Amino acid sequence: MDGTLDVIITDHAPHAAEEKALPFEKAPNGIVGLETSLALGITELVEKGILTLPELIEKMSTTPARLLGLPRGTLEVGTEADLVLFSAAEEWTVYPEKLHSKSKNTPYAGRKVHGRVKYTIVNGEVVYVDR
1 MDGTLDVIIT DHAPHAAEEK ALPFEKAPNG IVGLETSLAL GITELVEKGI
51 LTLPELIEKM STTPARLLGL PRGTLEVGTE ADLVLFSAAE EWTVYPEKLH
101 SKSKNTPYAG RKVHGRVKYT IVNGEVVYVD R
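Numbering (the UniProt record's numbering), first residue to last: 1 to 131.
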């Protein structure tokens, strides 16, 4: 990557199935992105040699936090303890019905990806455990 992109983020725009079933021009924009973004980054960018894993992590955490002036995105003393523990090599298949979001609209249904989040810690509290 030539440095054009500083950050990789998702606006995570979940909408109810009824909203997404409207005609295209009337349906709200967006897809579920939060649960698939890390795995897609690993599968499409890291495994294909476009970014290293540390570069992906930097673009998904450190740089967005810095640009927004948030005390997050690093493991430095005095920052919030927000961590994602993941298995970069673990393969899984995106099944919309298994997503935790209120919405299930994803263009990646049935796709095999690598990189499974095992734990999410926010402000030092475990808020998600992969079961």
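Note that the Cβ used here is the ideal one computed from N, Cα and C, for glycine as well. Note that the coordinates shown come from a computational prediction; the quantities given were computed from them, not determined experimentally.
Return the chain-ordered list of same chain residues with a C-beta closer than 7 Å to the C-beta of residue 26, the five sequence neighbours on each side being excluded.
Here the set comprises nothing.
C-alpha gap between residue 37 and residue 79, whole angstroms
The straight-line gap from Cα to Cα measures roughly 23 Å.
Between which two residues does the alpha helix (DSSP H) holding residue 68 run?
Residue 68 -> no alpha helix (DSSP H), and no H or E assigned at all.
Assign residue 123 to one of two classes, buried (16 or more other C-beta atoms within 10 Å of its C-beta) or exposed (fewer than that).
By the neighbour-count rule (16 or more Cβ atoms within 10 Å), residue 123 is not buried but exposed.
State whether the region 101-109 contacts the region 50-69, with contact taken as three or more CB pairs (one from each stretch) at a distance under 8 Å.
Segments in contact, no.
Could you give the DSSP three-state label for residue 97: helix, strand or coil?
In the three-state reduction of the DSSP assignment, residue 97 falls in the helix class, which pools H, G and I.
Could you please give me the residues that DSSP links to residue 86 through a beta bridge?
In the DSSP output, where bridge partners are listed per residue, residue 86 has 117.
Of the residues 2, 68, 112, 5, the one placed nearest residue 43, counting alpha carbons only
Comparing alpha carbon positions, the residue from 2, 68, 112, 5 closest to residue 43 is 112.
Rounded to a whole number of angstroms, what is the C-alpha to C-alpha distance between residue 46 and residue 32?
Taking the straight line joining both Cα atoms gives about 21 Å.
By Cβ distance below 8 Å, which residues in the same chain neighbour residue 71 in space, the five residues on each side in sequence not counted?
Correct list, in chain order: 65, 78, 79, 80.
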